[in-house]
Amino acid sequence: IVLVTGGEDARVGPLNTSELYDPSTNMWTTDSSMHFGRFFHTASVLINGNVLVAGGVSDEYHIANTAEFYNPSTENYMPIDKTKNLPSS
């Protein structure tokens, strides 16, 4: 399964959308939304299977200082307290 998060729409700005792609069925499904819209962010699978989605560009095109965990078992996002010095590159 491939998790695709966020992105940018020129009409609305950063997106908080989340979709899952299953290559075995060639099907896309809409998943729960992130708490924060973002693009140019990172998504890293952690040892416990959760995904850390962090940084990127957020509303008003500022560097995002937000992060959240995605839990594939519950298909939900949990925001992490805002960070002051989240890496930007």
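Going by our numbering, the letters in the sequence shown line up with residues 1212 to 1300, in that order. Virtual Cβ for every residue (Gly too), placed ideally from N, Cα, C. Note that the structure is a prediction, hence the values are computed from the model and not measured.
### Task
Give me the Cα-Cα distance between His1246 and Ile1258, rounded to the nearest whole angstrom.
23 Å
### Query
So, are the CB atoms of Val1262 and Tyr1232 less than 8 Å apart?
No, these two residues do not count as a Cβ contact at 8 Å.
### Message
Beta-carbon within less than 7 Å of Thr1216's beta-carbon, same chain only, minus the 5 sequence neighbours each way: which residues are those?
### Response
Ser1229, Met1245, Ala1254 and Val1264, listed in sequence order.
### Message
Do Gly1260 and Leu1226 count as a contact pair if the criterion is CB distance below 8 Å?
### Response
In terms of Cβ geometry, Leu1226 and Gly1260 do not form a close pair [threshold 8 Å].
### Query
Under a Cβ-count criterion, where at least 16 other Cβ atoms within 10 Å of its own Cβ denotes burial, should Thr1277 be classed as buried or exposed?
buried
### Task
Taking Asp1270 as the reference, give the member of Thr1285, Gly1224 and Ser1284 with the closest Cα.
Gly1224
### Query
Using the C-alpha atoms, what's the distance from Gly1218 back to Met1238?
19 Å
### Task
Please name the residue or residues paired with Glu1219 in a DSSP beta bridge.
Glu1219 is bridged to Pro1225.
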